Amino acid sequence: MPSPDSTDINILSYTSQIPFARHLGFELTKFEGGESEIIYTAKPEHLNTFDVTHGGACMTLLDITMAAAARSVAPETGVVTIEMKTSFMQPSVGPLHARGTLIHRTATLAFTEAKIYDELERVCAHATGTFKYVKRRLPTGPASANAMRPPSTD
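Spelled out as structure tokens, the structure:
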């Protein structure tokens with residue numbers, strides 16, 4: 003069996019495998035060597051009362067971008083978010099892209115950061131996060147024959 007690398011994950015379908023990312027319309031464009039990039043344009047229902055991208059949508063973008071950076075060095079595993087800190091510098095308006103970086107990895111943890119940029123390459127938001135590597139499991143949920151519990155953070 004070939005060793006896992008970024009070609010084992012279909013970069014075009016990666017975010018479509020995450021229902022919430024699919025709902026938001028995220029598109030993964032980079033997934034390799036501890037780096038990731040996701041592009042996103044908020045739909046009207048993803049805006050706040052000031053007509054800018056809602057902070058929750060931005061935090062989801064940052065979370066998934068950091069998770070992808072962590073997984074890009076070990077695509078055969080999954081990751082779960084342990085903690086995340088987000089700072090918003092300016093409104094996130096228009097087409098956005100987020101870039102994530104794996105800063106440090108241990109056997110079980112990934113320390114990451116990500117930034118959201120607008121069309122003019124201005125930083126709109128920054129996050130750091132810690133993720134735990136977990137074995138990927140079979141799908142669960144109402145449409146699945148697998149009654150397995152979600153991954154543990156223990």
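Quick note on numbering: this note's numbering labels position 106 of the sequence shown as 108, and the sequence is numbered without any gaps.
Heads up, the beta-carbon is just placed ideally off N, CA and C, and yes, glycines get one too.
Being a predicted model, the structure only gives us computed values, none of them experimental.
Let me know the secondary structure DSSP gives residue i once reduced to three states.
{"i": "alanine 23", "result": "helix"}
{"i": "serine 18", "result": "helix"}
Answer with buried or exposed for residue i, where buried requires no fewer than 16 other C-beta atoms within 10 angstroms of its C-beta.
{"i": "serine 38", "result": "buried"}
{"i": "glycine 96", "result": "exposed"}
Any beta-carbon of chain C closer than 8 Å to the one on residue i?
{"i": "glycine 27", "result": "Checking the listed chains, one finds no chain C in this structure; it contains a single protein chain."}
Can you tell me where the alpha helix (DSSP H) holding residue i begins and where it ends?
{"i": "methionine 91", "result": "Unbroken run through methionine 91: none, as it is neither H nor E."}
{"i": "leucine 63", "result": "57-73"}
Going along the chain, which residues of its own chain have a beta-carbon closer than 7 Å to the beta-carbon of residue i, five neighbours each way excluded?
{"i": "isoleucine 20", "result": "Ile66"}
{"i": "aspartate 120", "result": "Ser94, Val95, Gly96, Leu98 and Cys126"}
{"i": "lysine 32", "result": "Ser38 and Glu39"}
Under DSSP, the beta strand (DSSP E) around residue i begins and ends at which residues?
{"i": "leucine 30", "result": "29-34"}
{"i": "glutamate 37", "result": "37-43"}
Ordered along the chain, which non-local residues of its own chain (more than five positions away) have a Cβ less than 6 Å from that of residue i?
{"i": "glycine 80", "result": "Val136 and Arg138"}
Practice task
Pair every Cβ in the stretch 70-79 with every Cβ in the stretch 41-52, then say whether three or more of these pairs are closer than 8 Å.
Solution key: no
Exercise for the section: Spell out a yes or no on whether the stretch 52-65 and the stretch 117-134 are touching, meaning 3 or more CB-CB pairs, one atom from each, closer than 8 Å. Expected result: yes
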